[in-house]
Amino acid sequence: MNRDWIATASTLSQALPYMQRYADATVVIKLGGHAMGSDDAMRSFARDVVLMRQVGLNPVVVHGGGPMINDMLAKLDIKSDFVKGKRVTDQATMDVVEMVLSGTVNNRLVQAICEEGGKAVGLSGKDANLIICEQTDADLGFVGTPVDVDPTILRDLHAANAIPVIAPLGMGRAGETFNINGDTAAGAIAGALKADRLLLLTDVAGVKDKDGNVLTEIAPARIGDLIADGTIAGGMIPKTETALTAMEDGVRAVVILDGRAPNACLLELFTDHGAGSLIREPRL
Numbered sequence: 171m172n173r174d175w176i177a178t179a180s181t182l183s184q185a186l187p188y189m190q191r192y193a194d195a196t197v198v199i200k201l202g203g204h205a206m207g208s209d210d211a212m213r214s215f216a217r218d219v220v221l222m223r224q225v226g227l228n229p230v231v232v233h234g235g236g237p238m239i240n241d242m243l244a245k246l247d248i249k250s251d252f253v254k255g256k257r258v259t260d261q262a263t264m265d266v267v268e269m270v271l272s273g274t275v276n277n278r279l280v281q282a283i284c285e286e287g288g289k290a291v292g293l294s295g296k297d298a299n300l301i302i303c304e305q306t307d308a309d310l311g312f313v314g315t316p317v318d319v320d321p322t323i324l325r326d327l328h329a330a331n332a333i334p335v336i337a338p339l340g341m342g343r344a345g346e347t348f349n350i351n352g353d354t355a356a357g358a359i360a361g362a363l364k365a366d367r368l369l370l371l372t373d374v375a376g377v378k379d380k381d382g383n384v385l386t387e388i389a390p391a392r393i394g395d396l397i398a399d400g401t402i403a404g405g406m407i408p409k410t411e412t413a414l415t416a417m418e419d420g421v422r423a424v425v426i427l428d429g430r431a432p433n434a435c436l437l438e439l440f441t442d443h444g445a446g447s448l449i450r451e452p453r454l
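For the sequence shown, the tail end lands on 454 under the numbering used here, and the numbers increase by one without skipping.
The following block contains the structure:
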């Protein structure tokens with residue numbers, strides 16, 4: 171008998187307890203970075219999400235699109251101003267952001283999931299009043315912070331066996347459109363859904379110690395100390411802060427993992443080994 175077949179059957183058998191563990195669980199996945207950078211990576215991710223839905227999970231995908239936005243701004247010769255290293259989102263920039271996120275990127279991801287046999291539905295935080303925002307900083311223009319999330323539409327889509335794919339945009343109380351950091355949007359949605367897991371896919375293997383080793387499990391109470399001593403630095407700070415906020419809002423655990431790794435989400439959810447850095451309260 172072919173050894174590859176035997177190995178595949180063994181892997182499926184070992185995954186059964188995890189499939190049972192996550193039956194009907196809600197998992198919010200933030201997709202960004204290089205995980206969106208190629209058609210092959212997109213297809214692989216889409217296949218994983220369809221499998222998750224097939225075995226009884228309720229996945230919600232929130233995507234970014236920074237590199238695509240930058241490319242489009244350059245093509246349209248729209249120059250950006252920066253304040254404290256952050257892009258100012260004026261009306262012209264906001265129009266491009268919405269076009270790229272709700273149009274090009276969202277449609278591409280929805281199509282990839284549908285091609286793999288899933289039933290994906292694309293939307294943004296503006297749809298059905300999913301995310302209501304307030305302006306984060308007047309100096310940054312149309313950049314928003316979620317203040318109210320109504321996940322009713324997401325629960326309706328899950329009941330219809332569909333996979334929501336969400337662009338990180340929100341609506342202001344006066345009807346204005348806001349751009350939201352993708353991790354922040356995913357954390358807010360996960361908190362509103364009381365998700366079992368929030369998976370933040372990034373371009374590194376996880377949170378690393380000062381020797382470069384991945385910290386496979388971190389208690390939330392340690393995050394502040396790790397930031398203070400410089401172990402957590404740079405772009406990892408807002409990701410871990412998002413994790414803490416999501417857990418305060420009711421998310422059971424957050425994982426920061428490398429979205430470039432093949433089948434990263436499946437490895438995290440359905441194997442003993444897991445992937446990346448798991449942030450959760452210590453087990454008694």
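Just so you know, even glycine gets a beta-carbon here, dropped at the ideal spot from N, CA and C.
Cβ-Cβ distance between residue i and residue j below 8 Å
{"i": "proline 321", "j": "threonine 354", "result": "no"}
{"i": "glutamate 451", "j": "alanine 365", "result": "no"}
{"i": "isoleucine 426", "j": "threonine 372", "result": "yes"}
{"i": "leucine 246", "j": "valine 266", "result": "yes"}
{"i": "phenylalanine 312", "j": "methionine 269", "result": "no"}
{"i": "alanine 195", "j": "asparagine 228", "result": "yes"}
{"i": "valine 219", "j": "aspartate 309", "result": "no"}
{"i": "leucine 370", "j": "lysine 256", "result": "no"}
{"i": "glutamate 286", "j": "alanine 216", "result": "yes"}
{"i": "alanine 416", "j": "glycine 376", "result": "no"}
{"i": "leucine 396", "j": "leucine 363", "result": "no"}
Euclidean distance between Cα positions of residue i and residue j
{"i": "arginine 392", "j": "aspartate 251", "result": "36 Å"}
{"i": "aspartate 307", "j": "glutamine 184", "result": "49 Å"}
{"i": "aspartate 318", "j": "glutamine 305", "result": "13 Å"}
{"i": "leucine 448", "j": "threonine 386", "result": "6 Å"}
{"i": "aspartate 210", "j": "glycine 236", "result": "19 Å"}
{"i": "alanine 403", "j": "glutamate 411", "result": "11 Å"}
{"i": "valine 198", "j": "alanine 262", "result": "31 Å"}
{"i": "alanine 344", "j": "isoleucine 359", "result": "21 Å"}
{"i": "isoleucine 301", "j": "isoleucine 407", "result": "23 Å"}
{"i": "alanine 431", "j": "glycine 342", "result": "37 Å"}
{"i": "arginine 453", "j": "alanine 423", "result": "12 Å"}
{"i": "arginine 223", "j": "alanine 298", "result": "23 Å"}
{"i": "alanine 282", "j": "valine 230", "result": "15 Å"}
{"i": "glycine 382", "j": "alanine 330", "result": "44 Å"}
{"i": "arginine 367", "j": "alanine 413", "result": "10 Å"}
{"i": "alanine 441", "j": "arginine 191", "result": "Sequence inspection shows threonine at residue 441; the alanine mentioned does not correspond to that position. Their backbone Cα atoms lie some 12 Å apart in a straight line."}
{"i": "alanine 193", "j": "leucine 436", "result": "14 Å"}
Sequence-distant residues of the same chain with beta carbon closer than 6 Å to residue i, five excluded per side
{"i": "serine 294", "result": "Ser272, Ala337, Leu339"}
{"i": "leucine 221", "result": "none"}
{"i": "lysine 378", "result": "Val384"}
{"i": "glycine 234", "result": "Gly202, Gly352"}
{"i": "methionine 242", "result": "Val266, Val270"}
Residues near residue i by beta carbon distance below 8 Å, same chain, minus five either side
{"i": "lysine 380", "result": "Gly400, Thr401"}
{"i": "valine 291", "result": "Val280, Leu327, Ala332, Ile333, Pro334, Val335"}
{"i": "asparagine 433", "result": "Ser214, Asp218"}
{"i": "valine 258", "result": "Ser250, Asp251, Phe252, Asp309, Leu310, Gly311"}
{"i": "isoleucine 248", "result": "Ala262, Thr263, Val266"}
Identified DSSP bridge partners for residue i
{"i": "serine 272", "result": "Looking at the DSSP assignment, serine 272 forms no beta bridge with any residue, so it has no partner."}
{"i": "glycine 340", "result": "Phe348"}
{"i": "leucine 448", "result": "Glu387, Val425"}
{"i": "lysine 409", "result": "For lysine 409, which the question treats as bridged, DSSP gives no partner whatsoever."}
{"i": "glycine 292", "result": "Val335"}
{"i": "threonine 196", "result": "Asn228"}
{"i": "leucine 201", "result": "His233"}
Contact set for residue i: own chain, Cβ-Cβ below 7 Å, skip 5 residues either direction
{"i": "glutamate 438", "result": "Leu369, Val425, Leu427, Gly444, Ala445, Gly446"}
{"i": "valine 374", "result": "Asp428"}
{"i": "cysteine 284", "result": "Ala290"}
Complete runs of the alpha helix (DSSP H) confined to the region 344-390 [at least 4 residues]: The region 344-390 contains these whole alpha helix (DSSP H) runs: 352-363.
Any beta strand (DSSP E) of 3 or more consecutive residues that is wholly inside the region 295-327: 301-305, 314-319, all fully within the region 295-327.
Ignoring anything shorter than 4 residues or poking outside the region 234-262, list the alpha helix (DSSP H) runs there in chain order. Taken in chain order, the unbroken stretches of alpha helix (DSSP H) that lie wholly in the region 234-262 and span 4 residues or more are 236-245.
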